[in-house]
DNA sequence: CTCTTTCTGTAGTGATCGTTATGGAATGAG
DNA sequence: CTCATTCCATAACGATCACTACAGAAAGAG
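Chains as they are written, first to last, in the UniProt record's numbering: chain A, 1 to 185; chain B, 1 to 185.
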């Protein structure tokens, strides 16, 4: 009943696929690039992951889960200003971390608009909490502010892809922070 | 000496190429898509424009010139706050204009980092002028602020590509404006 | 051991990629 | 007119695209 077992680590292969998609995006990544990065042959890839679309879906979901961890950790802070600051700071560092491709797969890949909407919604909810906590003015447009923050993070990702240094990206983050309305004491 | 004249309008064909590259980017645009959009056959394309790389270079330069017109008109305003506001406003409208593809070719295409650097430098110089005019605090980091503004515009372009409405993109622009330090009276 | 099942590597599918050779049509020069 | 020159359309080039048929190898079940 049980035939020959798979000779490669599926999770490790998926991680390699994540990095390859991260570096070159969906369209520019060929199956040949993937098999080389993953250390397997095309039939193994198709047997284990379906096709290129399904592999990308699985890879982008793994990437998304990792990204959400960082965002969730940041927005868990009790003060909304600290929460957003940490989110932007963490984003800037992730976009320029050595050992990983520059920029962000979720923010760069055209077909991941759904993931971006999810993150934006989460940011908006954290801002609404900030308003409820009295840490943001009651008339704050959380929707508008969340869209702004997503746009800034997307811009940070693009700057990182253009070769921007960690300092430059962090400076963008700290500048964006000044657009957060201060607590009205 | 003078043979058969070209049977198509080179400028019109170039304009069609600009729009095609604008809509689908360099890598995702095939010669077949270009020839269809331009209304010519491959040999005509290669005879008139060299190859895909040179055609893109010419197209992106034409696009860049048009973009710079808008930016230059905006930053020509005497008040730096009005200048930046008009630049962001014009950018938002250009990214969502009916009749043209959403977003911005210059801000989206990976290989146009050089054009982005030029625009950023121009913005930075305008901000420095604002400092000299006393419209921005003397300790303003114009370099940091210009990088921020470029990042925001890039994010606006991405939002537009994701299907964002003109109102949403304009809201991002107006939020970004609040990060401009006010005149210190 | 044998049998069955599943994986693996080679090799190749048709389609499309960017690019171009070829040959006839169209034009200005003389 | 003739001739030289340039352009256009068909058709094809080799390379690569995503994907898979095939056959042999490797493992568990009995």
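Ideal Cβ placement from N, Cα and C applies to all residues, glycine included.
Identification of chain A residues near residue 128 of chain B by a Cβ-Cβ cut-off of 8 Å yields none; the smallest Cβ-Cβ distance measures about 16 Å. A distance below 8 Å between beta-carbons, with the five flanking residues on each side excluded, links residue 96 of chain B to the following residues of its chain, in chain order: 102, 160, 164, 165, 166 and 169. Comparing alpha-carbon positions, the option among B/142, B/48, B/94 and B/182 lying closest to residue 69 of chain B turns out to be B/94. A direct Cα-to-Cα measurement between residue 43 of chain A and residue 37 of chain A gives close to 15 Å.
Taking 7 Å as the cut-off, the Cβ atoms of residue 152 of chain B and residue 12 of chain A do not count as close. Taken atom to atom, the span from the alpha-carbon of residue 171 of chain A to that of residue 144 of chain B is near 6 Å. The beta carbon of residue 73 of chain B does not come within 7 Å of any beta carbon belonging to chain A, so the residue lies off that interface. Taking C-beta atoms as the reference points, residue 46 of chain A and residue 109 of chain A fail to come closer than 7 Å. Here residue 134 of chain B is exposed: its Cβ has fewer than 16 other Cβ atoms, across all protein chains shown, within 10 Å.
For residue 161 of chain B, the three-state secondary structure derived from DSSP is helix. Excluding the 5 residues flanking it on each side, residue 177 of chain B has same chain C-beta neighbours closer than 6 Å at 85, in chain order. Cβ proximity to chain A below 8 Å picks out nothing from the region 59-72 of chain B. DSSP places residue 25 of chain B in the coil class of the three-state scheme, outside both helix and strand. Listed along chain B, the residues sitting closer than 7 Å to residue 175 of chain A by beta-carbon distance are 144, 145, 148 and 179.
Given a length threshold of 4 residues, each whole run of the alpha helix (DSSP H) inside the UniProt domain "HTH tetR-type" (7-67) of chain B is given here in chain order: 10-24, 31-38 and 42-49. Comparing alpha-carbon positions, the option among A/81, A/162, A/174 and A/23 lying closest to residue 63 of chain A turns out to be A/23.
Residue contact check for residue 151 of chain A against chain B: a CB pair falls below 7 Å. When DSSP states are grouped into helix, strand and coil, residue 142 of chain A belongs to the helix group. Sequence-distant Cβ neighbours of residue 157 of chain A in its own chain, meaning closer than 7 Å and more than five residues away, are 95, 103, 104, 107 and 108. In this structure, residue 8 of chain A keeps its C-beta atom at 7 Å or more from the C-beta atom of residue 31 of chain A. Any Cβ of chain A closer than 7 Å to the Cβ of residue 156 of chain B would place that residue at the interface, and such an atom is present.
Only buried fits residue 120 of chain A, as 16 or more other CB atoms lie within 10 angstroms of its CB. For residue 40 of chain A, the nearest beta carbon of chain B is not closer than 7 Å to its own beta carbon.
Interface criterion not met: the Cβ of residue 125 of chain B is under 7 Å from no Cβ in chain A. Residue 124 of chain B sits away from residue 140 of chain B, with the two beta carbons spaced by 7 Å or more. Looking only at A/20, A/10 and A/185, the smallest Cα-Cα distance to residue 99 of chain A is reached by A/20. Between residue 60 of chain A and residue 112 of chain A, the gap from beta carbon to beta carbon is short of 7 Å. Among the residues of the region 9-28 of chain A, those with a Cβ less than 7 Å away from any Cβ of chain B are 27 and 28, in the order of the chain.
Along the region 98-117 of chain B, going in chain order, the ones with a CB nearer than 7 Å to a CB of chain A are 110, 113 and 116.
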